[in-house]
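All residue numbers for the sequence shown refer to the numbering used here, where the first residue is 7 and numbers rise by one.
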Amino acid sequence: MVGDNVGAVDGLVDRFGRRVTYLRLSVTDRCNFRCVYCMPAEGVKLCPSKDLLTFEEIRVVVETLASHGVRRVRVTGGEPLVRKQLPELIASLKAIEGIDEVVMTTNGYLLGRDAVALREAGLDGLTVSLDSLQADRFSKMSRGGSLERVLESMELASQAGFERIKINAVVIRGFNDDEVLDMIEWSLERGHLLRLIEFMPIGADTFWSDGNDNGCVPAAEMQAVIGTRWAMEPLGMKTGAGPARYWGLKGPASPDGQGRVGIISAVTQCFCDSCNRIRLTPQGGLRACLADDSEVDLRAVLRGGEGPEGVYKAVARSLWGKAESHSFDLEGGAVTMKQMVSIGG
Ligand code: SAM
Ligand code: SF4
C-alpha cells in the first residue's frame, strides 16, 4: 500500500528510483500579466491570503525537504514579485542548511524595482519569461504586458549583478514561431541563455481548450528551423538542473561555437525518466508531477501541528504515488484542471 514504504529509503525517492533534489516553489497565484498560454482572459479564482503558506511555513517545508536531499529551489508563481517582502523569503531560504541554490522565474515587470534587494538577499539566478521581441506581439501574448519595461528591468537586473540571465519563450504557432531565429540571435548577442518551450496543454478553459490545439510547435520542428542558421551540436541535459536539452550553436553571434540554446520538450519528447522535482503550490499543495492534479495538503499538516516529521511523511507518501511518466495528448483536452498560473510552471 502507498505509504507503507515511507521512510524505508534514504532521501526522497519514488518507486522508479528517481531522487528529488529540486523544488519549484510557487509563492502566489496572483499575476500582473494574463499570458494566453497560462490562464484564461478573465484570470483565475484567487485564494484568500490567509490560505497562502506564510513565509515561516514555507521555511519549515523547505528545511524539511533540504534535510532529505533537496538542494535547489526555484521560486515561481503566479508572478513571484507580486508577493510582498519576497526578498525576505529568499534570504531565509538561502540560510537553510543544504540548500545550495535559490533561483527565480519572473515575467520581469517588477524586476527593476526589486533587482538590488533580490541580489542582496542572495538570489543565485534569474529566468525571465519573454516570448517576443516585438512590442505588439509581446502585449498580445501577455494580454497587456509592456516589452519595453521588461527589457529595462532586465538591464537593471544585469547592473545589480545577475549574470547570464536565462530567458524562457513559449513557442506558439501563429504567434511567435517565426521569431525563433531572431530571439536566439538576440540572446546570443547579449549573453542570455534562451530556452524555447513547447506549449503544454495545462489547465481547463485556456487558449488550448479554446480550439488552439495546433499551437504546439514540436521540438523537432524548432531544431530544423534553428539548423537553417547555425551548425548544431547536441549537448544533452544539464545534470541536476532543469529539463532543457541544450545545443551548442556555431554561426551568427556565436562564431566559436560557444553559444547555447535550450529546448524544453515536455510534450513531444518527455523527460520523465530524469525527473528530479516536486512542486509546492501557494496554498501548500504538494504536487509530485506537473501533469497530475493530485496534491497532498501540507498546509493542513503544518496547521494541524504535525511538524517537520509530518511534512516529510506526507511528501514521501505523495512521491510514492508518482506515476512513471505523463503523456500530453495533443488531440485531447488539457491534462490538468488547474491553470499553470496556479501551479507555477
Ligand atoms: N510569472 C512568472 C513567469 O511568467 O515567468 C512565473 C510563473 S510562469 C507559470 C512559469 C513558466 O511557465 C513561464 O516561463 C511560462 O512561460 C511557463 N508556462 C506557462 N504556461 C505554459 C504552458 N501552457 N506551456 C508551457 N509553458 C508555460
Ligand atoms: Fe503570469 Fe507568468 Fe502565467 Fe504569464 S506565464 S500569466 S506572467 S504566471
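Beta carbons: idealized from backbone N, C-alpha and C, even for Gly.
Taking 3 residues as the shortest admissible run, the region 92-131 contains the following complete beta strand (DSSP E) segments, listed from N- to C-terminal end: 107-112.
Counting along the chain, the unbroken alpha helix (DSSP H) around Leu-157 starts and ends at 153-165.
With at least 16 other beta carbons inside 10 angstroms of its own, Pro-207 counts as buried. Taking the Cβ of Ser-135 as the reference point, at least one heavy atom of the ligand SF4 falls within a distance shorter than 7 angstroms.
Counting along the chain, Arg-285 sits inside the beta strand (DSSP E) bounded by residues 283-286. Within its own chain, the residues whose Cβ lies closer than 8 angstroms to the Cβ of Ala-250, once the five positions on either side in sequence are excluded, are Arg-201, Met-243, Lys-244, Gly-268, Ile-269, Ile-270, listed in chain order. Secondary structure at Val-273: coil, using DSSP grouped into helix, strand and coil. For Ser-73, the closest alpha carbon among the candidates Ala-322, Ile-96, Lys-328 is that of Ala-322. By the neighbour-count definition (other C-beta atoms within 10 Å, threshold 16), Arg-21 is an exposed residue. Between the region 126-145 and the region 17-34 there are fewer than three inter-stretch CB-CB distances shorter than 8 angstroms, so the stretches are not counted as touching.
At least one heavy atom of the ligand SAM is found less than 7 angstroms from the C-beta of Gly-84. At a cut-off of 7 angstroms, the beta-carbon of Asn-174 counts as near the ligand SAM: some heavy atom of the ligand is closer than that. Straight across, the Cα-Cα distance linking Ile-105 with Lys-172 is about 21 angstroms.
With distances taken between CA atoms, Leu-286 lies nearest to Thr-82 out of Glu-239, Ser-55, Thr-82. Within the region 184-262, the complete beta strand (DSSP E) segments of 3 residues or longer fall at 199-204, 237-243, 251-257, listed in chain order.
Ranked by Cα distance from Asp-184, the options Leu-296, Val-223, Ala-163 are led by Val-223. According to the DSSP assignment, Arg-323 belongs to the alpha helix (DSSP H) that extends over 313-326.
In this structure the region 166-181 does not lie against the region 59-68, because fewer than three pairs of beta carbons, one per stretch, are closer than 8 angstroms.
In this structure, the CA atom of Glu-103 is about 43 angstroms from the CA atom of Ala-237. Here the alpha carbon of Pro-261 sits roughly 11 angstroms from the alpha carbon of Glu-195. Residue pairing of Ser-135 in beta bridges, as defined by DSSP: Asn-174. Glu-191 and Gly-49 have their C-alpha atoms some 33 angstroms from each other. In the displayed model, Val-66 falls within a helix according to three-state DSSP. Rounded to whole angstroms, the separation of the alpha carbons of Arg-125 and Pro-314 is 29 angstroms. Across the set Asp-120, Leu-136, Arg-77, the C-alpha of Arg-77 shows the shortest separation from the C-alpha of Val-108.
Distance between Leu-304 and Tyr-318, taken at the CA atoms: about 10 angstroms. Glu-330 sits exposed, since fewer than 16 C-beta atoms from the chains shown fall within 10 Å of its C-beta.
Taking C-beta separations shorter than 6 angstroms and ignoring five residues to either side along the sequence, the partners of Cys-281 in its chain run Arg-24, following chain order. Around the beta-carbon of Gln-165, fewer than 16 other beta-carbon atoms lie within 10 Å, marking it exposed. Leu-132 places its beta carbon less than 8 angstroms from that of Ala-163. One alpha carbon belongs to Gly-150, the other to Val-42, and they sit about 11 angstroms apart.
The beta carbons of Thr-60 and Leu-87 sit about 18 angstroms from each other, so the pair does not count as a contact at 8 angstroms. Annotation for Leu-292: the continuous beta strand (DSSP E) segment containing it runs 291-293. Judged by beta-carbon spacing, Met-346 lies beyond the 8 angstroms limit of Gly-180, meaning their Cβ atoms are not closer than that value.
Annotation for Leu-308: Glu-63 place their beta carbon closer than 6 angstroms to its own, counting only its chain and skipping 5 residues before and after. The alpha-carbon separation between Trp-326 and Gly-118 amounts to approximately 41 angstroms.
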